[in-house]
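Numbering (our numbering), first residue to last: 43 to 158.
As structure tokens, this is what we get:
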């Protein structure tokens, strides 16, 4: 599948790009730790795409495939999928486990973003 990347696409990050894309980002970054085999991750995907589009001016969303990038998951102690981890100024500031409805996820993200 060929796709063109836009500002609101959810980017796959790798060991080589994680530090730049997440730790060095100007905006807060929500990292979804995911896997192809994860059913709840597939349920969460359209919700995250909507949020990426709607909140593009204040939040960036990326994903890490834990099967392809296990060292990143291990670095942050991620054991279950999906795990969402919010980074601000290069530091993890919140972690959310499991799939959520959009409204609940937006509330949890707002709470975490407002704490900073």
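Beta carbons: idealized from backbone N, C-alpha and C, even for Gly.
I'd like to confirm the pairing. Which residues does DSSP put opposite residue 63 in its beta bridges?
DSSP, once it has assigned bridges, lists no residue as partnering residue 63.
Per DSSP, which residues does residue 26 bridge with? Please list them.
No answer is possible for residue 26: the residues shown for the chain start at 43 and end at 158.
DSSP-derived helix/strand/coil call for residue 117
Residue 117 sits in a helix when the DSSP states are folded into three classes.
Cα-Cα separation, residue 140 to residue 126:
Those two C-alpha atoms are separated by around 8 Å.
Consult DSSP for residue 101 and reduce its assignment to one of helix, strand or coil.
Reduced to three states, the DSSP call for residue 101 is coil.
Residue 73 by DSSP, collapsed to three states: which one?
Note: residue 73 maps to strand in three-state DSSP.
Buried or exposed by the 16-neighbour rule on C-beta atoms within 10 Å, applied to residue 76:
Around the beta carbon of residue 76, 16 or more other beta carbons sit within 10 angstroms, so the residue counts as buried.
Mind checking which residues open and close the alpha helix (DSSP H) that includes residue 134?
Unbroken run through residue 134 is the beta strand (DSSP E), 133-139; no alpha helix (DSSP H).
Which term fits residue 102, buried or exposed, when burial requires 16 or more other beta carbons within 10 angstroms of its beta carbon?
Residue 102 is buried by the Cβ-count criterion.
Option nearest residue 120 by Cα separation, candidates 105, 131 and 130
Measuring from the Cα of residue 120, the nearest candidate turns out to be 105.
Please identify the residue among 150, 91, 58 and 53 whose C-alpha is closest to the C-alpha of residue 113.
The shortest C-alpha separation from residue 113 is found at 58.
Taking DSSP's pairing of strands, which residues face residue 176 in a bridge?
Limits of the chain in this structure are 43 at one end and 158 at the other, which puts residue 176 out of reach.
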